[in-house]
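Take a look at the structure set out below.
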Amino acid sequence: MSCWAIPNGGLKESDEQINAKVQLCLEQPQLNVILCVGETEEEYNSKLLSSVVDVQIKKGLAGVSAAAMDRVVIAYEPVWAIGTGKVATPDQANKAHEAVRTSLAEMFGEAVASDVAGSVNPDNAADLLSMDQIDGALVGGASLNADSFTRIVDGGAPTFENCYSRPMELTAQECVTTKNVLGESPVWSDRDQCLYWVSAPEEEVWKWDMRSPPYRRLLGTTLGCVVLRSG
């Protein structure tokens, strides 16, 4: 079983101290590294994002071999977004991740590490994860709430602005036996490639991908229908 460590968890260490912890983590066979990089608001406003990220990566990963980079993930987490409620727009984050990949390519010949976005929440997850330079998400406080984390895993919550204007007629192609009541609004999501339905007595939403057993999505509000959106 592999574990992940974040060597620079906001303790205001120097790049050299962070690099020493990166090296120490990689000496442990089952320990992998998530290296966070990001600029202050002043640095961002001064258009120093690329320069700051480049220095952080090159100093933080100094002495790390290309072979070890399959155990390293780079997370873009701007300092100005930590604990402030502010988040980078998808375009801002994508440009930052492009700078990350450029620095990695200069060090290792190619962008060998996965590149993930920080400050992800249910409202911006789908847009962030659709960016071509972003491989995944580093979820912080939003992971403490089961509902919000589930919505992030699903790629963001549907919005009513993108819903179909009228109900669609759907034809069932396969039946499944479950221990709960297959209640209202069973719908097939082409995007997620799974079936959603509401178990009316328990007021629960269930999900089934036809491969693994159906499972209940944890939601904090009562639902009476499932909504589809286009795209």
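Residue numbers (our numbering): 17 to 247. Note that beta-carbon positions come from the ideal geometry of N, C-alpha and C, so glycine has one too. Owing to the predicted nature of the structure, the values given are computational and were not obtained by experimental measurement.
Start-to-end residues for the beta strand (DSSP E) that takes in residue i
{"i": "residue 28", "result": "Looking at the DSSP string, residue 28 is not in any beta strand (DSSP E), and its letter there is neither H nor E."}
Beta-ladder partner(s) of residue i, from DSSP
{"i": "residue 203", "result": "212"}
{"i": "residue 37", "result": "The partner list for residue 37 (beta bridge, DSSP) is empty, contrary to what the question assumes."}
{"i": "residue 50", "result": "89"}
{"i": "residue 153", "result": "133"}
Segment limits, alpha helix (DSSP H) that includes residue i
{"i": "residue 93", "result": "Residue 93 -> no alpha helix (DSSP H), and no H or E assigned at all."}
{"i": "residue 142", "result": "141 to 145"}
{"i": "residue 164", "result": "162 to 169"}
Three-state secondary structure (DSSP) of residue i
{"i": "residue 112", "result": "helix"}
{"i": "residue 84", "result": "helix"}
{"i": "residue 20", "result": "strand"}
{"i": "residue 227", "result": "coil"}
{"i": "residue 232", "result": "strand"}
{"i": "residue 131", "result": "strand"}
{"i": "residue 43", "result": "coil"}
{"i": "residue 76", "result": "helix"}
{"i": "residue 220", "result": "strand"}
{"i": "residue 62", "result": "coil"}
{"i": "residue 68", "result": "helix"}
{"i": "residue 260", "result": "In the structure as shown, the chain begins at 17 and stops at 247. Residue 260 is therefore absent and cannot be evaluated."}
{"i": "residue 198", "result": "Reliability of the predicted coordinates at residue 198 is poor, the pLDDT of 49 falling under 50, and the value obtained from them is presented with this limitation in mind. Correct three-state label for residue 198: coil."}
{"i": "residue 122", "result": "helix"}
{"i": "residue 181", "result": "With a pLDDT of only 42 at residue 181, under 50, the local geometry of the prediction cannot be trusted, and no value is derived from it."}
{"i": "residue 175", "result": "A caution first: residue 175 carries a pLDDT of 43, below 50, which makes its placement in the model unreliable, though a value can still be read off. Of the three classes helix, strand and coil, the one that applies to residue 175 here is coil, per DSSP."}
{"i": "residue 55", "result": "coil"}
{"i": "residue 148", "result": "coil"}
{"i": "residue 243", "result": "In this predicted model, residue 243 has a pLDDT of only 45, less than 50, meaning its place in the structure is not dependable; the value taken from the coordinates is given anyway. Residue 243: coil per DSSP, three-state reduction."}
{"i": "residue 138", "result": "coil"}
Short CB-CB distance (under 7 Å) between residue i and chain B
{"i": "residue 158", "result": "No chain B appears in this structure, which consists of one protein chain only."}
For residue j and residue i, believed in contact at Cβ under 8 Å, the rounded distance
{"i": "residue 123", "j": "residue 74", "result": "6 Å"}
{"i": "residue 51", "j": "residue 23", "result": "7 Å"}
{"i": "residue 153", "j": "residue 142", "result": "Not quite, the Cβ-Cβ distance comes to about 11 Å (not below 8 Å), so this is no contact."}
{"i": "residue 98", "j": "residue 116", "result": "Not quite, the Cβ-Cβ distance comes to about 18 Å (not below 8 Å), so this is no contact."}
{"i": "residue 64", "j": "residue 57", "result": "Not confirmed; about 11 Å, so no contact."}
{"i": "residue 168", "j": "residue 132", "result": "Their Cβ separation, rounded to whole angstroms, is 12 Å, which puts residue 168 and residue 132 out of contact at 8 Å."}
{"i": "residue 149", "j": "residue 113", "result": "4 Å"}
Would you call the stretch 55 to 69 and the stretch 27 to 43 in contact, with 3 or more CB pairs under 8 Å? Contact between the stretch 55 to 69 and the stretch 27 to 43 is absent: fewer than three C-beta pairs spanning the two stretches fall below 8 Å.
Three or more C-beta pairs under 8 Å: does that hold for the stretch 160 to 169 against the stretch 92 to 103? By the C-beta criterion, the stretch 160 to 169 is judged not to be in contact with the stretch 92 to 103, since fewer than 3 inter-stretch pairs fall below 8 Å.
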